[in-house]
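Residue numbers (my numbering), protein chains in the order written: chain A, 1 to 156; chain B, 1 to 156. Ideal Cβ positions, reconstructed from N, Cα and C, are used throughout, including at glycine. The structure presented is a predicted model; accordingly, all values stated were derived computationally and were not measured.
Protein chains: 2
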Amino acid sequence: MKPVPAPLSAEDDLRSAETQAGAFQAVREARRSELAEDYVELIAELIAHFGEARPVDIASRLGVTAPTVAKTLDRLARDGLVMRARYRSVFLTDQGRALAEECRVRHDIVVRFLIRLGLDAETAEQDAEGIEHHVSARTLALFAAFAERRGQPETR
Amino acid sequence: MKPVPAPLSAEDDLRSAETQAGAFQAVREARRSELAEDYVELIAELIAHFGEARPVDIASRLGVTAPTVAKTLDRLARDGLVMRARYRSVFLTDQGRALAEECRVRHDIVVRFLIRLGLDAETAEQDAEGIEHHVSARTLALFAAFAERRGQPETR
DNA sequence: GTATCAAGTTAGCACCGTCTAACTTTTCAT
DNA sequence: ATGAAAAGTTAGACGGTGCTAACTTGATAC
Ligand SMILES: [Mn+2]
Ligand SMILES: [Mn+2]
Ligand SMILES: [Mn+2]
Ligand SMILES: [Mn+2]
């Protein structure tokens with residue numbers, strides 16, 4: 001059957017198929033880089049705090065197994081984000097370091113924003129870990145401005 | 001080498017490995033349901049506005065090909081969210097309808113929240129499409145409260 | 001009624017991200 | 001120096017999400 005104009009009640013209009021498809025394509029694109037972003041950000045953290053990033057620590061902090069980490073690190077190396085040597089710790093390339101720094105800044109903005117909104121720190125960290133990958137530059141700017149605002153948090 | 005306590009400067013402390021792993025696990029869990037959520041929400045929209053949800057329309061609004069939609073719909077049917085008959089439109093099960101409604105409400109809250117923050121409607125829709133899947137109940141409540149607030153939007 | 005065209009399906013491929021099991025290498029304590 | 005434990009690697013499996021090419025079915029126009 002062909003679509004019928006509207007079934008008696010069509011309160012709000014739909015966006016155009018193209019516009020909607022654009023949004024979904026952007027989300028799929030973001031999903032493709034999420035894992036890489038989390039890895040390089042975590043690797044940078046480990047290097048900053050422990051001097052090196054060992055696969056075993058990456059695994060335990062991500063909550064995945066060692067072979068999963070190994071395979072993912074190989075992909076990241078292939079993509080020019082990390083450098084590896086067998087049985088050694090992992091290091092970031094310049095490109096990896098740049099991405100990590102960008103992610104760290106963005107992550108912190110999202111966390112501070114959520115806390116300023118009134119969320120507890122623990123939940124803020126949890127939600128930020130997912131939200132951060134789907135925040136456009138414009139939105140990030142608004143988050144940053146809100147987070148920096150003077151005055152008490154939005155207590156409820 | 002074993003991790004050394006700290007490399008001269010360890011300004012901020014790291015969270016425990018377990019806590020951090022918990023956050024990442026929650027994100028991975030959310031990722032597993034993202035696609036299903038987008039599908040049932042879209043199917044509900046199409047049914048509400050056109051009386052039926054045809055695979056070809058699902059495909060064009062998601063920006064993917066017809067075979068991709070077919071395979072995904074089979075998975076959704078397997079998981080009890082939709083019902084299909086060969087060469088026919090797709091329908092939601094009770095479970096699918098319930099999930100779709102939940103997603104619709106959540107999607108709208110996120111969009112209205114972003115707009116209230118000062119974002120343009122177009123970008124709000126784009127970002128919401130990704131963010132919605134990573135918003136906890138607590139955060140959603142804060143978003144809703146902020147969106148409903150009296151007064152002018154946060155113009156910048 | 002039949003030809004055509006749109007929609008739907010099937011088969012097959014590729015890559016990602018996860019796991020377990022089994023193996024190798026390195027590190028460390030004695 | 002050596003043996004045990006920890007860390008790392010490899011192989012193989014599996015499900016998810018995307019694609020193209022080729023086929024089948026259904027809807028439409030004449
Ligand atoms: Mn993250
Ligand atoms: Mn992060
Ligand atoms: Mn979505
Ligand atoms: Mn949505």
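Within chain B, the residues placing a beta-carbon under 9 angstroms from that of residue 135 of chain A are 127, 130, 131, ordered along the chain. Distance from residue 76 of chain B to residue 39 of chain B at the Cβ level is roughly 6 angstroms; contact confirmed, criterion being Cβ atoms closer than 8 angstroms.
When Cβ-Cβ separations below 9 angstroms define contact, residue 119 of chain B makes contact with chain A.
Excluding the 5 residues flanking it on each side, residue 52 of chain B has same chain C-beta neighbours closer than 6 angstroms at 89, in chain order.
For the pair residue 74 of chain B and residue 36 of chain B, the CB atoms are not nearer than the 9 angstroms cut-off. The segment 44-51 of chain B and the segment 90-109 of chain B touch, with no fewer than 3 CB-CB distances between them shorter than 8 angstroms. Secondary structure at residue 111 of chain B: helix, using DSSP grouped into helix, strand and coil. In the DSSP secondary-structure assignment, residue 92 of chain A is bridged to A:82. Per the C-alpha coordinates, the member of B:98, B:97, B:43 positioned closest to residue 72 of chain B is B:43. Of all residues in the segment 102-119 of chain B, only 114, 117, 118, 119 come within less than 9 angstroms of chain A when Cβ atoms are compared, listed by chain position. Non-local C-beta neighbours of residue 128 of chain B in its own chain, meaning closer than 8 angstroms and more than five positions away in sequence, comprise 107, 110, 111, 114, ordered along the chain. Identification of residues in the segment 24-46 of chain B having a C-beta nearer than 9 angstroms to some C-beta of chain A yields 24, 25, 26, 27, 28, 30, 31, 34, 38, 42, 45, 46, given in sequence order. For residue 38 of chain B, the enclosing alpha helix (DSSP H) begins and ends at 17-50.
Close to residue 76 of chain A, with beta-carbon spacing below 9 angstroms, lies no residue of chain B; the smallest spacing is near 16 angstroms.
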